[in-house]
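Peer 1:
Right, dumping it as structure tokens:
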């Protein structure tokens, strides 16, 4: 019996298993028009010789949950076909070999590819795009910043028959979008950065073999989330410098445009403690990586 295909698109992470060469850091690109910079970038990518499959290139807590999402979909009888939406590589299958790189759709970052949403969309349009057959069923797990850059083109070119978007942005209609809900972090586990991926897994698990794209599935999610939603208040736990850097890295991977103040708020809401001046210094270190 053949399995039903399920296209899954996830946001990349900034945690990688290798250090990018200087020419594959957006900060080192020449200034100029988006199309010109994108061409220089792609030429640098083409010259790179050290490559590994994307499934192995990315790392960190969030990426471990991406792997788990694939397993959950498989266990429920689907044939998941997973792609990564990357500010450096475009849309690529997780088996695609690629070099380490530093690029983000976040503004104000050393490796920002654009200074505005229109520029980010233009940059995305200049990157290579793996072919995805139009129609079919799809689950997208996208941070807000990445969704703003990529969703319109993805919707236009892949036109899924059934679609669920976990996270997302205003570019995605409310009828298919499940926004991030930090009040579910305790029930879902993990960090806030992995919330969208964990939400997708929970949604599929709640379907328990039933069609996850139905109104009934949305009702199951509504009932479950209403029961589990909880505003967390903790006696905050001190963190080492390395733990703060890892936390900020994971958070920025899914919310690249988050401010220093916003990141500190998320850290404290997660029950962790870090003095404001110390956090400011560590945040800048994480941004410069």
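Numbering (the UniProt record's numbering), first residue to last: 1 to 289. Backbone N, C-alpha and C define an ideal beta-carbon position, used for all residues, glycine too. In this text the structure is predicted, and so the values were computed from the model without any measurement.
Compare the Cα-Cα distances from residue 131 to each of 240, 274, 162, 81 and report the closest residue.
Peer 2: Nearest option by C-alpha distance: 81.
Peer 1: Looking only at C-alpha atoms, which of 103, 60, 93 sits nearest to residue 257?
Peer 2: Checked all of 103, 60, 93; the closest Cα to residue 257 is 103.
Peer 1: Which two residues bound the contiguous alpha helix (DSSP H) that contains residue 244?
Peer 2: Unbroken alpha helix (DSSP H) run through residue 244: 241-254.
Peer 1: Give me whichever residues DSSP pairs with residue 168 in a beta bridge.
Peer 2: In the DSSP output, where bridge partners are listed per residue, residue 168 has none listed.
Peer 1: For residue 7, which beta-bridge partners are listed by DSSP?
Peer 2: Note: residue 7 sits in a beta bridge opposite 81, 138.
Peer 1: Where do the N-terminal and C-terminal ends of the alpha helix (DSSP H) with residue 262 fall, by residue?
Peer 2: Its alpha helix (DSSP H) spans residues 260-269.
Peer 1: What did DSSP end up calling residue 236 once you bin it into helix, strand or coil?
Peer 2: Coil.
Peer 1: Check the C-beta distance from residue 199 over to residue 247 and give it rounded, since I have them as a contact under 8 angstroms.
Peer 2: Contact flag wrong, Cβ pair sits at about 19 angstroms.
Peer 1: At which residues does the beta strand (DSSP E) containing residue 90 begin and terminate?
Peer 2: Its beta strand (DSSP E) spans residues 90-93.
Peer 1: Within the same chain, show all residues whose beta-carbon is closer than 8 angstroms to that of residue 51, passing over the 5 residues directly before and after it, in chain order.
Peer 2: These residues qualify, in order along the chain: 97, 98, 99.
Peer 1: Counting Cβ pairs closer than 8 angstroms, one from the segment 115-130 and one from the segment 150-161, do we hit at least three?
Peer 2: Because the criterion of three Cβ pairs below 8 angstroms is met, the segment 115-130 and the segment 150-161 touch.
Peer 1: Tell me, please, which residues DSSP counts as bridged to residue 129.
Peer 2: 91.
Peer 1: Per the contact definition of three or more C-beta pairs closer than 8 angstroms, is the segment 237-244 in contact with the segment 44-58?
Peer 2: In short, these stretches do not touch, since the Cβ pair count stays below three.
Peer 1: Below 8 angstroms CB to CB, which residues in the same chain sit around residue 29 once its five sequence neighbours on both sides are set aside?
Peer 2: Result list for residue 29: 37, 40, 41, in chain order.
Peer 1: With DSSP as the reference, identify every bridge partner of residue 86, one or two as the case may be.
Peer 2: Residue 86 pairs with 90.
Peer 1: How long is the line joining the alpha carbons of residue 6 and residue 43, rounded to whole angstroms?
Peer 2: Approximately 33 angstroms between the Cα atoms of the pair.
Peer 1: What is the DSSP secondary structure of residue 58, reduced to helix, strand or coil?
Peer 2: Three-state DSSP puts residue 58 in a strand.
Peer 1: Express the C-alpha separation of residue 31 and residue 228 in angstroms, rounding to a whole number.
Peer 2: Roughly 48 angstroms between the two C-alpha positions.
Peer 1: From which residue to which residue does the alpha helix (DSSP H) around residue 219 run?
Peer 2: Where residue 219 is concerned, the enclosing alpha helix (DSSP H) stretches over 215-228.
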